[in-house]
Amino acid sequence: MTKVFVPRDSAALSVGADHVAAAITREAEQRGLSIELVRNGSRGMLWLETLVEVETPAGRVAYGPVQPEDVASLFEAQFLNGGAHALSHGLTEHIPYLAKQERLTFARVGITDPLSLSDYLAHDGYKGLKNTLSMAPADVVQQVTDSGLRGRGGAAFPTGIKWKTVLGAQAAQKYIVCNADEGDSGTFADRMIMEDDPFVLIEGMTIAGVAVGATQGYIYLRSEYPYAFDVLNQAIAIAEKAGYLGENIQGSGKAFHLEVRLGAGAYICGEETALLESLEGKRGIVRFKPPIPALKGLFGQPTIVNNTISFASVPIIMDKGGEFYKNFGMGRSRGTLPFQLAGNLKQGGLVEKAFGLTLRELVEDFGGGTASGRPIRAVQVGGPLGAYVPVDQFDTPLDYESYVGISAMIGHGGLVVFDDTVDMAKMARYAMEFCAIESCGKCTPCRVGSTRGVEVVDKIIANDNRAANIELLRSLCDTMLNGSLCAMGGMAPFPVLSALNHFPEDFGINKKELAA
Amino acid sequence: MSYTELYQDLIDLPGALLPIFHRIQERLGYVPEAALPEIAKHLNLSRAEVHGVMTFYHDFRAAPPGQCVVKICRAEACQAMGAEALVQHAEQSLGTPMHSTSPDGSVTLEPTYCLGNCALSPAVMINGELKGRVTPQRFDALVAEAKGAAK
Numbered sequence: 119m120t121k122v123f124v125p126r127d128s129a130a131l132s133v134g135a136d137h138v139a140a141a142i143t144r145e146a147e148q149r150g151l152s153i154e155l156v157r158n159g160s161r162g163m164l165w166l167e168t169l170v171e172v173e174t175p176a177g178r179v180a181y182g183p184v185q186p187e188d189v190a191s192l193f194e195a196q197f198l199n200g201g202a203h204a205l206s207h208g209l210t211e212h213i214p215y216l217a218k219q220e221r222l223t224f225a226r227v228g229i230t231d232p233l234s235l236s237d238y239l240a241h242d243g244y245k246g247l248k249n250t251l252s253m254a255p256a257d258v259v260q261q262v263t264d265s266g267l268r269g270r271g272g273a274a275f276p277t278g279i280k281w282k283t284v285l286g287a288q289a290a291q292k293y294i295v296c297n298a299d300e301g302d303s304g305t306f307a308d309r310m311i312m313e314d315d316p317f318v319l320i321e322g323m324t325i326a327g328v329a330v331g332a333t334q335g336y337i338y339l340r341s342e343y344p345y346a347f348d349v350l351n352q353a354i355a356i357a358e359k360a361g362y363l364g365e366n367i368q369g370s371g372k373a374f375h376l377e378v379r380l381g382a383g384a385y386i387c388g389e390e391t392a393l394l395e396s397l398e399g400k401r402g403i404v405r406f407k408p409p410i411p412a413l414k415g416l417f418g419q420p421t422i423v424n425n426t427i428s429f430a431s432v433p434i435i436m437d438k439g440g441e442f443y444k445n446f447g448m449g450r451s452r453g454t455l456p457f458q459l460a461g462n463l464k465q466g467g468l469v470e471k472a473f474g475l476t477l478r479e480l481v482e483d484f485g486g487g488t489a490s491g492r493p494i495r496a497v498q499v500g501g502p503l504g505a506y507v508p509v510d511q512f513d514t515p516l517d518y519e520s521y522v523g524i525s526a527m528i529g530h531g532g533l534v535v536f537d538d539t540v541d542m543a544k545m546a547r548y549a550m551e552f553c554a555i556e557s558c559g560k561c562t563p564c565r566v567g568s569t570r571g572v573e574v575v576d577k578i579i580a581n582d583n584r585a586a587n588i589e590l591l592r593s594l595c596d597t598m599l600n601g602s603l604c605a606m607g608g609m610a611p612f613p614v615l616s617a618l619n620h621f622p623e624d625f626g627i628n629k630k631e632l633a634a
Numbered sequence: 624m625s626y627t628e629l630y631q632d633l634i635d636l637p638g639a640l641l642p643i644f645h646r647i648q649e650r651l652g653y654v655p656e657a658a659l660p661e662i663a664k665h666l667n668l669s670r671a672e673v674h675g676v677m678t679f680y681h682d683f684r685a686a687p688p689g690q691c692v693v694k695i696c697r698a699e700a701c702q703a704m705g706a707e708a709l710v711q712h713a714e715q716s717l718g719t720p721m722h723s724t725s726p727d728g729s730v731t732l733e734p735t736y737c738l739g740n741c742a743l744s745p746a747v748m749i750n751g752e753l754k755g756r757v758t759p760q761r762f763d764a765l766v767a768e769a770k771g772a773a774k
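Chains as they are written, first to last, in this note's numbering: chain A, 119 to 634; chain B, 624 to 774.
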């Protein structure tokens, strides 16, 4: 029976994948053809969604973007045998966008049925956990340290060091917490992992639990991701039933339980201590550090808080070894990062590559330029707290340190592309406005500074005492940068200052005045 | 009326407050003020604490929403593809501003900041269903469809 793949990823559903799947089933029935319809994850070539694939002896053949009304003509063109059609892209694996990637964390995404445990096992799933269960905890932590993996949420703290701290902490109860509060605009890698390969996250968290002696894990998931919530809960139930979660994991005598908890629309809960407060049932207010969560985290107990992609990268590290993972990347940025190409781009999607490539390669070669066809003016890298990078900085290699060198940050790897119609003064205003809406309110620089920031940018735009207000804005940014309790207020000035410094003409001043 | 039966099974969860609010809102569409004192009692919290949590989070509503809840993403990736124009269109065509419900009670319009559909922006969520590449024309069609389904 011919296998036909139609993604169940919510991005694909958002442009009608369910209607396409229904149309294929209906058309096959009418023609008396028997097919096996698999709802796979997305390949991450999101501009081609709904991307339909057909299994042929030569490999999977891709058709996209498919609309329900295209389905009859696909059957006419013998697509079940990989026949030629205007929407055909040939073998999926040969599409350059995919062929040029280095998929480690996303190795299975789009290939398998996300909720098929046998699919997961057939594609190297749970090999990392198997190795983990035969090793001493300290050796597991050492592997993760050796891999060079750094926190993929944005802060880039070495994952192995965090694990080592929790391993060394003495407590009756330790916790593993996954930060799945992926609130940055332009990011969707966490969402895709959770919807399209949930077992890899479950395995990564289980490895962490076994390694540091934590028996309870929580996935703190943002409420904007209802599809991921559903998939994760189903995957957890399947893993429990198969003995991959529970009191006695694969007969090892080790216990690990996992539960998904929903956030409630607060961006600040992506900050790890605010997240812990929220998990405890409180307002998402940032905590003072120290004590660090590794020693006093959830309910006051030693806790590993890692990003979704950090956990999802652990299984392949424990399968193939820290050395293997470390051989990707450059400088102190080891391994790969799933970059998310978003905004005004012809070919938006997910590109997993080793650190060290450039923004130009990502937005021009992979992204294919803007969707509007106009020139690119700026790319915001790393979410709403990330800098706007101008075209003349597009050749800076993407690694954590190089980006710090140009007063920018890679963050969670989200890239939002704007064409030349963007008004950068408006974007600066928005950065302050967003900070004002989402500030937890604990510290003054963030709570008051962001509101004042909106007012000052408004005055600059209105040419009200412009020179003095630009100076005031810089001073305000300085206060926020240095005086805020967490990265929310501490980084909101990045988009503001980068907009001002790289695009002064949008604020009504020319570059010469800026230098003066 | 007592709301306890809605969340009885959640009371003993560690950090139960958010799950309880989510449950009540899932069942009733909002979290009635009258439910707060009894939740406070069950969790051994002050009313002020429970009220503080309820009002801290954007998700929880104190009043019933319209039949359709329409959330439009206003974050950067959607702005890059015309989200602000879409917001204006929505406010006009629905006859109601952001953060409010249309006079006939059919639609509640809310902003959201990222739905994770940033490569297919602008993105909208209608009654929990994600939609991508939402032009003003497509917006009207999707809302009409959702209104039809709600009837």
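We treat Cβ as the ideally placed atom computed from N, Cα and C, and that holds for glycine.
Closest residue to Arg-379(A) among Val-156(A), Asp-576(A), Leu-339(A) and Ser-616(A) (Cα-Cα distance): Working through the first sequence from its first residue, we reach residue 379(A) at position 261. Out of Val-156(A), Asp-576(A), Leu-339(A) and Ser-616(A), Leu-339(A) has the C-alpha closest to the C-alpha of Arg-379(A).
Any C-beta of chain B within less than 9 Å: which residues of the region 439–463 of chain A qualify? Gln-458, Leu-459, Ala-460, Gly-461, Asn-462 and Leu-463
Beta-carbon neighbours of Arg-756(B), restricted to chain A and to distances below 7 Å: Here residue 756(B) refers to the residue found at position 133 when the second sequence is read from its first residue. What Arg-756(B) touches in chain A: Val-133.
Note down, in chain order, each residue of its chain lying with its Cβ closer than 7 Å to the Cβ of Gln-648(B), except the 5 sequence neighbours on either side. In the second sequence, residue 648(B) corresponds to position 25, counting from 1. Within the same chain, Gln-648(B) has close Cβ partners Val-654, Phe-683 and Arg-684.
What in chain A is Cβ-close to Phe-683(B), meaning under 9 Å? What you label residue 683(B) is simply residue 60 of the second sequence in a count that begins at 1. Near Phe-683(B) (Cβ distances below 9 Å), the residues of chain A are Ala-382 and Gly-383.
Count the other CB atoms, across all protein chains shown, that sit within 10 Å of the CB of Leu-198(A); report buried if there are 16 or more and exposed otherwise. Within the first sequence, the letter at position 80 stands for residue 198(A). Result: buried.
Of all the CB atoms in chain A, is at least one closer than 8 Å to the CB of Ala-703(B)? Stepping through the second sequence from its first residue, residue 703(B) is reached at position 80. For Ala-703(B), the answer is yes, since a Cβ of chain A falls inside 8 Å of its Cβ.
In whole angstroms, what is the alpha-carbon distance linking Arg-144(A) and Lys-372(A)? Here residue 144(A) refers to the residue found at position 26 of the first sequence. Here residue 372(A) refers to the residue found at position 254 of the first sequence. Approximately 48 Å between the Cα atoms of the pair.
Of the residues Glu-389(A), Tyr-548(A) and Asn-249(A), which one's Cα is nearest the Cα of Met-606(A)? Along the first sequence, one-based indexing puts residue 606(A) at 488. Looking at the Cα atoms, Glu-389(A) is the closest of the given residues.
What does the alpha-carbon distance come out to for the pair Ser-152(A) and Met-119(A)? For the purposes of this step, residue 152(A) is identified with residue 34 of the first sequence, where counting begins at 1. For the purposes of this step, residue 119(A) is identified with residue 1 of the first sequence, where counting begins at 1. For Ser-152(A) and Met-119(A), the distance between alpha carbons rounds to 6 Å.
Use the C-beta contact count for Lys-218(A): other C-beta atoms within 10 angstroms, 16 or more gives buried, fewer gives exposed. The count along the first sequence starts at 1 and reaches residue 218(A) at position 100. Looking at its Cβ environment, which holds fewer than 16 other Cβ atoms inside 10 Å, Lys-218(A) is exposed.
Applying the 10 Å Cβ sphere with the 16-neighbour rule, what's the burial state of Gly-440(A)? Along the first sequence, one-based indexing puts residue 440(A) at 322. With 16 or more Cβ atoms within 10 Å of its Cβ, Gly-440(A) is classed as buried.
Whose C-beta lies closer than 7 Å to the C-beta of Val-572(A) among residues of the same chain, with five residues either side of it excluded? On the first sequence, position 454 is the one that residue 572(A) refers to. If we look at Val-572(A) and ignore the five residues flanking it on each side, its Cβ neighbours are Arg-547, Met-550, Glu-551 and Ala-554.
Met-545(A) and Ala-617(A) - do their beta-carbons sit closer together than 8 Å? In the first sequence, counting from the first residue as 1, residue 617(A) sits at position 499. In the first sequence, counting from the first residue as 1, residue 545(A) sits at position 427. Yes. Within cutoff.
Ala-773(B) versus Glu-714(B): straight-line alpha-carbon distance, rounded: Translated into positions along the second sequence, residue 773(B) becomes position 150. Translated into positions along the second sequence, residue 714(B) becomes position 91. Rounded to the nearest angstrom, the two C-alpha atoms are 20 Å apart.
Let me check one thing: in DSSP terms, what residues is Gln-498(A) bridge-paired to? To locate residue 498(A), count along the first sequence from 1; it is residue 380. DSSP output for Gln-498(A) lists Tyr-506(A) and Val-534(A) as bridge partner(s).
Assigned exposure category for Phe-406(A) - 16 Cβ within 10 Å defines buried: In the first sequence, counting from the first residue as 1, residue 406(A) sits at position 288. Its Cβ having fewer than 16 others within 10 Å, Phe-406(A) is exposed.
Return the residue from the list Ala-146(A), Val-133(A), Thr-562(A) and Glu-220(A) that minimises the CA-CA distance to Gly-182(A). Residue mapping note: residue 182(A) aligns to position 64 of the first sequence, counting from 1. Measuring from the Cα of Gly-182(A), the nearest candidate turns out to be Val-133(A).
Ranges of the alpha helix (DSSP H) found wholly within the region 293–376 of chain A, counting only runs of at least 4: Segments of the alpha helix (DSSP H) lying fully in the region 293–376 of chain A: 307–314, 316–330 and 344–359.
Alpha carbon to alpha carbon, how far is Thr-263(A) from Phe-446(A)? Give it in angstroms, no decimals. Position 328 of the first sequence, counted from the start, is the residue given in the question as residue 446(A). Position 145 of the first sequence, counted from the start, is the residue given in the question as residue 263(A). Between Phe-446(A) and Thr-263(A), the C-alpha separation is close to 15 Å.
With H, G and I counted as helix, E and B as strand and the rest as coil, what does DSSP make of Lys-407(A)? Here the question's residue 407(A) lines up with position 289 in the first sequence. Looking at Lys-407(A) - three-state DSSP - the assignment turns out to be coil, as it is neither helix nor strand.
Over the uninterrupted alpha helix (DSSP H) stretch that includes Ile-435(A), give me the two end residues. Taking the first residue of the first sequence as 1, we reach residue 435(A) at position 317. Segment 426–438, the alpha helix (DSSP H) holding Ile-435(A).
Name the two residues that bound the continuous beta strand (DSSP E) containing Leu-209(A). The residue you call residue 209(A) lines up with position 91 of the first sequence. Taken as a continuous stretch (DSSP letters only), the beta strand (DSSP E) holding Leu-209(A) covers 206–209.
Looking only at C-alpha atoms, which of Ile-588(A), Gln-368(A), Glu-220(A) and Ile-354(A) sits nearest to Gly-246(A)? Reading the first sequence from its first residue, position 128 is the one you call residue 246(A). Closest option to Gly-246(A), Cα to Cα, is Gln-368(A).
Using a Cβ-Cβ cutoff of less than 7 Å, which residues in the same chain neighbour Cys-701(B) once the five nearest sequence positions on both sides are dropped? Taking the first residue of the second sequence as 1, we reach residue 701(B) at position 78. Here the set comprises Ser-744, Pro-745 and Ala-746.
Considering only residues of the same chain and omitting the five flanking positions on each side of Ile-524(A), which have a CB-CB separation below 6 Å? Numbered from its first residue, the first sequence carries residue 524(A) at position 406. Within the same chain, Ile-524(A) has close Cβ partners Gln-511 and Thr-514.
Output yes if chain A places a C-beta closer than 8 Å to the C-beta of Pro-642(B); else output no. The residue given as residue 642(B) occupies position 19 in the second sequence. True, the Cβ-Cβ gap to chain A drops below 8 Å.
Contacts of Val-654(B) in chain A (Cβ-Cβ under 9 Å): Numbered from its first residue, the second sequence carries residue 654(B) at position 31. Neighbours of Val-654(B) on chain A: none; closest Cβ ~11 Å, over 9 Å.
Is any beta-carbon of chain B found at less than 8 Å from that of Arg-126(A)? Taking the first sequence and counting its residues from 1, the one referred to as residue 126(A) is at position 8. By this cut-off, Arg-126(A) is not an interface position.
Determine which residues of the region 666–695 of chain B have a Cβ less than 7 Å from any Cβ of chain A, and write them out in chain order. Gly-675, Val-676, Phe-679, Tyr-680, His-681, Asp-682 and Phe-683
For Glu-377(A), which residues in the same chain have their Cβ closer than 6 Å to its Cβ, ignoring the five residues on either side in sequence? Position 259 of the first sequence, counted from the first residue, corresponds to residue 377(A). If we look at Glu-377(A) and ignore the five residues flanking it on each side, its Cβ neighbours are Tyr-336.
Mapping the DSSP letters down to three states, classify Gly-162(A) as helix, strand or coil. In the first sequence, the residue the question calls residue 162(A) occupies position 44. Three-state DSSP puts Gly-162(A) in coil, outside helix and strand.
Proximal residues to Leu-633(B) (C-beta, below 7 Å), its chain only, five neighbours per side dropped: Your numbering for residue 633(B) matches position 10 in the second sequence. Closer than 7 Å at the Cβ level, and outside the excluded window around Leu-633(B), lie Ala-639, Pro-642, Ile-643 and Arg-646.
For Ala-225(A), tell me which candidate among Met-310(A), Ala-254(A) and Gln-291(A) has the shortest Cα-Cα distance. Here residue 225(A) refers to the residue found at position 107 of the first sequence. For the set Met-310(A), Ala-254(A) and Gln-291(A), the Cα lying nearest the Cα of Ala-225(A) is the one of Met-310(A).
Among Val-507(A), Ala-202(A), Lys-248(A) and Leu-516(A), the one whose alpha carbon lies nearest that of Ser-370(A): Translated into the one-based positions of the first sequence, residue 370(A) becomes position 252. Of the candidates Val-507(A), Ala-202(A), Lys-248(A) and Leu-516(A), the one whose C-alpha sits nearest the C-alpha of Ser-370(A) is Lys-248(A).
Within 8 Å (strictly less), CB to CB, does Ala-698(B) reach chain A? Within the second sequence, residue 698(B) is the residue found at index 75, counting from 1. It does; some Cβ of chain A falls within 8 Å.
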